[in-house]
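**Student:** Residue numbers (numbering that gives the first Met the number 0): 0 to 179. Dumping the structure here so I can ask a few things about it.
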Amino acid sequence: MFVNELVHTWQSYLDTIDDWTFLTSDCVPKDTHCGLIYELQNPIHRQNESFAIADMRNLSYAEPHFDREIEVYFVLQGRGLVVVGDKQNDVEKGSVIVIPPNTAHFTIPEENLVLAVVNTPPFKPENYVPLSESDKSVKFDKDFFCTLLEQRSIYAQKPGWHRISDLEIRGAQDLERSSS
């Protein structure tokens, strides 16, 4: 019930916004592993919720992670794939994705993807936990993640890139050991 009300209230507000860039015009974004993040004041003054815009237009993928709070994505423009646990969600403008706390998720933008993001309780950086290995407790499967990137030709889009699982997920020490 609470989540339905949250989604309905925020969707009603976001439906009044013709151009999301208007919301971000006075804000300096943070360059993160989830794209450019504009942390904004809560424009509808709801208690215990934070609001941000995630600009993923120049991102190949958002790093797998989980948050300790509920996170809701509202697609403002573009399209892509949002994976929550083991569920794949193709999204486009108007889509809404609710991510339960302590559940792995990642995004593969496909076409100019921009999200409005609401967290409750409000987002805290220390509650953001990146994932680099499979973790059943938060429903993250590293092999599934790497397979999706390969299927979506993420590697082919970046000259000089190799398998993500070999370079970025395992880290430099594992890479050195595997190439010896």
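Yeah, the Cβ is synthetic: ideal placement off N, Cα and C, and Gly gets one too.
Can you have a look at G34 and say buried or exposed, based on whether 16 or more other CB atoms are within 10 angstroms of its CB?
**Tutor:** When all chains shown are included, G34 counts as buried.
**Student:** Looking at C-alpha atoms only, which residue of N41, V6, L58 is the closest neighbour of T31?
**Tutor:** Closest by alpha carbon: L58.
**Student:** Count the CB pairs spanning the segment 88-99 and the segment 133-149 that are closer than 8 Å, and state whether there are at least three.
**Tutor:** Contact between the segment 88-99 and the segment 133-149 is absent, because fewer than three Cβ pairs lie under 8 Å.
**Student:** Roughly how many angstroms lie between the CA atoms of S24 and M0, to the nearest whole one?
**Tutor:** Straight-line Cα distance between these residues: approximately 34 Å.
**Student:** Could you tell me the alpha carbon to alpha carbon distance between A103 and Y60, rounded to whole angstroms?
**Tutor:** Roughly 14 Å between the two C-alpha positions.
**Student:** Under a three-way DSSP split, which group does N41 fall into?
**Tutor:** In this structure, N41 counts as coil in the three-state DSSP scheme.
**Student:** Taking only beta-carbon atoms, is N57 less than 7 Å away from chain D?
**Tutor:** Although the question refers to chain D, the structure presented lacks it and comprises just one protein chain.
**Student:** Write down the C-beta distance between E132 and F105 rounded to the nearest angstrom, noting that I regard them as a contact closer than 8 Å.
**Tutor:** The Cβ separation is near 14 Å, so there is no contact.
**Student:** What is the DSSP secondary structure of K29, reduced to helix, strand or coil?
**Tutor:** Here K29 sits in strand by DSSP.
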